[in-house]
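Heads up: the sequence shown begins at 72 in the numbering used here, then just goes up one per residue.
By construction, the Cβ of each residue, glycine as well, lies at the ideal position given by its N, Cα and C atoms.
Since the structure comes first, as structure tokens, the remarks are kept for the end.
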Amino acid sequence: MKENDISYRTAVNGAEALKLIEEEKPDLMILDIMMPHMDGFAVLEQLKKSKEHKDLPVIIVTAKNLTNKEKSYLRDRAGFVIEKSGTHIEKIMEILSNKIKENASNDQNINN
72 MKENDISYRT
82 AVNGAEALKL
92 IEEEKPDLMI
102 LDIMMPHMDG
112 FAVLEQLKKS
122 KEHKDLPVII
132 VTAKNLTNKE
142 KSYLRDRAGF
152 VIEKSGTHIE
162 KIMEILSNKI
172 KENASNDQNI
182 NN
């Protein structure tokens, strides 16, 4: 993602992801559902309970075969769900680009 001028951090499990969010205050999170110790569902629940992070945009990327109920649950809380059936970097970059533009527009509106 370096050529797209995007900085990022990675976490190996959900607990580490939550710790990084507290430290780094990201503009957006890409979250896998299947992680050790604390899965993506639990991370998402913790984010949505947090006053500070409840509005953090989240993109779910998963190889898990999601049920319709799980897809609906994730879309309601995260907005974007990408099921990994191959490489979807173009889709992820499109979503990131749109979110960055949206955030820049929101920042500009706040400052005016």
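- Only residues of its own chain outside the window of five on either side were considered, and among them A88, I92, L118, L127, P128, V129 and I130 have a CB closer than 8 Å to the CB of M100, listed in chain order.
- Judged by their CB atoms, R148 and L115 are nearer to each other than the 7 Å cut-off.
- When only Cα atoms are considered, K125 and S176 end up about 20 Å apart.
- Comparing alpha-carbon positions, the option among D98, L145, K90 and E94 lying closest to N169 turns out to be D98.
- One Cα belongs to V83, the other to E161, and the distance between them is close to 23 Å.
- Membership of L99 in any beta strand (DSSP E) is not indicated, and neither H nor E is assigned to it by DSSP.
- In the DSSP assignment, I92 falls outside any beta strand (DSSP E) and within the unbroken alpha helix (DSSP H) covering G85 to E95.
- DSSP places E154 in the uninterrupted beta strand (DSSP E) bounded by G150 to E154.
- As computed with DSSP, V132 is found in a beta bridge with D103 and I153.
- Counting along the chain, the unbroken alpha helix (DSSP H) around A113 starts and ends at G111 to K120.
- Here the alpha carbons of K135 and R146 stand approximately 15 Å from one another.
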